[in-house]
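Asks: Have a look at this one.
In this note's numbering, the protein residues as written are 466 to 872.
In structure tokens form, the structure reads like this:
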């Protein structure tokens, strides 16, 4: 490991690997570090991702595809089922990945582009001089290193320390985080062409249960519960999950389990500092409705890699420059979608089970294959007129998109 690089990327998830790859392809000297000994392990998500968006970043490799989905089923509290085609099922429906292979492949691509990759290497603090981040102190195999860089990219996940070290407020209130539990099950009768989502206060208060098929009778079955819906004397997410599993897949066997938190806060005030950018979950760039973050992380990682090249080429890595080349760009793209999703989340967490059943019943016969956002919003409004006011910003946004497409 050298003591100086152009870019130091902390965290080798999708955001960090894409940032490292992009910067290296631009000719920058890049170090990508990962605190764990195996990139992609443990898996900390449902592993679903939209096909077309994924193809923007990588060529599809069958080695890391577990299932190719046609769409999704959404079940309301009373069991009413809505079927949605893959094209409008959201950013988490399309392929089900094998993240242990996928994440490693992204890191390998970063290495092929020229980045140096180091596993079992963790950051213990930032080097800050004259108000600028100038690198980080690292620990690798028991030995301490001081690595300087022109820019640090923090991609260290929901627990991100990098942002806090740089003075960026990444704190989350209970209403801003989903506490999650997930099992990989085997020996189950799972529809391998559709993922399933279950909502309702008895199933997952303020969240949902998901089932993502992984081939050959396997599936990721997980739950996310809003932190504000939990309490000392209330069931834990894993308790709700066990209850669901016993009912939906009574004969299944649990072969892996994972627990963690997912930010659903929407955009935070700032994701940059002098000499530093945050990406992915570290920047709270996951979807506030679903908690899904793979595609947002990859989009933001690419923008950060490009921004690093522009800033370093200009000899200016100040906060003002990074706001110009990174902050404004991700907020205009990824950030816009996050803001719209936050509106929906804040609306739907206040709906009762009766409201959700009413919505589902009004939509169960709708042909979603060709439905646009405006059509969906009108259908929701017919079922619950209060939604017109709560989702008024979405109506305006969807109307703008229609006008833009026509011109």
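Quick reminder that beta carbons are idealized off the backbone N, C-alpha and C, glycines included. This one's a predicted model, so the numbers in the text were calculated from it and none came from an experiment.
Give, in chain order, every unbroken run of the alpha helix (DSSP H) that is at least 4 residues long and sits entirely within the region 639 to 724.
Replies: Taking only runs of at least 4 residues, the alpha helix (DSSP H) segments lying wholly in the region 639 to 724 are 702 to 713.
Asks: In terms of alpha-carbon separation, which member of 798, 680, 660 and 638 lies closest to residue 726?
Replies: When each option's Cα is compared against that of residue 726, the closest is 638.
Asks: Counting C-beta neighbours from all protein chains within 10 Å, is the total for residue 817 16 or more, i.e. buried, or is it exposed?
Replies: Label assigned to residue 817: exposed.
Asks: Would residue 874 be called buried (16 or more neighbouring beta carbons within 10 Å of its own) or exposed?
Replies: Because the chain is modelled from 466 through 872, residue 874 falls outside the range shown and cannot be assessed.
Asks: Can the beta-carbon of residue 690 be found less than 9 Å from the beta-carbon of residue 672?
Replies: Their beta carbons are under 9 Å apart, which means residue 690 touches residue 672 by this criterion.
Asks: Whose CA, out of 466, 469, 511 and 523, lies closest to the CA of residue 767?
Replies: Measuring from the Cα of residue 767, the nearest candidate turns out to be 523.
Asks: Could you give the distance in angstroms between the alpha-carbon of residue 659 and the alpha-carbon of residue 542?
Replies: Cα to Cα, residue 659 sits roughly 19 Å from residue 542.
Asks: Going by DSSP, which residues form a beta bridge with residue 540?
Replies: Looking at the DSSP assignment, residue 540 forms a beta bridge with 546 and 663.
Asks: How would you write the range of the beta strand (DSSP E) that residue 758 sits in, first residue to last?
Replies: Neither: residue 758 is in no beta strand (DSSP E) and is coded neither H nor E.
Asks: On the three-state DSSP scale, how would you describe residue 501?
Replies: If DSSP states are grouped into helix, strand and coil, residue 501 belongs with coil.
Asks: Out of 806, 744 and 718, state which residue places its alpha-carbon closest to the alpha-carbon of residue 474.
Replies: Comparing Cα positions, the closest option is 744.
Asks: What does the Cβ neighbour count give for residue 782, buried or exposed, with the cut at 16 atoms within 10 Å?
Replies: By the 10 Å Cβ count, residue 782 comes out buried.
Asks: How about residue 741 and residue 787: do their beta carbons lie closer than 9 Å?
Replies: Cβ distance < 9 Å, so residue 741 and residue 787 count as in contact.
Asks: Given 8 Å as the limit, is there contact between the region 701 to 717 and the region 525 to 532, that is, 3 or more CB pairs closer than that?
Replies: Segments in contact, no.
Asks: Taking DSSP as the reference, what is the three-state secondary structure of residue 596?
Replies: Note: residue 596 maps to coil in three-state DSSP.
Asks: How big is the Cα-Cα spacing for residue 917 and residue 617?
Replies: Residue coverage of the chain in this structure runs from 466 to 872, which leaves residue 917 outside it and unanswerable.
Asks: Restricting to runs no shorter than 4 residues, where is the alpha helix (DSSP H) found entirely within the region 554 to 578?
Replies: As far as the region 554 to 578 is concerned, its whole alpha helix (DSSP H) runs of at least 4 residues are 564 to 578.
Asks: Mind reading off the beta-carbon distance from residue 568 to residue 507? Whole number of angstroms is fine, and I expect it under 8 Å.
Replies: Their Cβ separation, rounded to whole angstroms, is 11 Å, which puts residue 568 and residue 507 out of contact at 8 Å.
Asks: Reducing DSSP to helix, strand and coil, say where residue 727 ends up.
Replies: Note: residue 727 maps to strand in three-state DSSP.
Asks: Buried or exposed, going by whether 16 or more other CB atoms sit within 10 Å of the CB of residue 715?
Replies: Label assigned to residue 715: exposed.
Asks: Output the boundary residues of the alpha helix (DSSP H) element that contains residue 803.
Replies: Counting along the chain, the alpha helix (DSSP H) containing residue 803 begins and ends at 799 to 813.
Asks: To the nearest angstrom, how far is it from the Cα of residue 624 to the Cα of residue 547?
Replies: So the two alpha carbons sit approximately 35 Å from each other.
Asks: For residue 809 and residue 732, what's the separation of their Cα atoms in angstroms?
Replies: Roughly 14 Å between the two C-alpha positions.
Asks: Report the three-state DSSP secondary structure of residue 469 (helix, strand or coil).
Replies: Three-state result, residue 469: strand.
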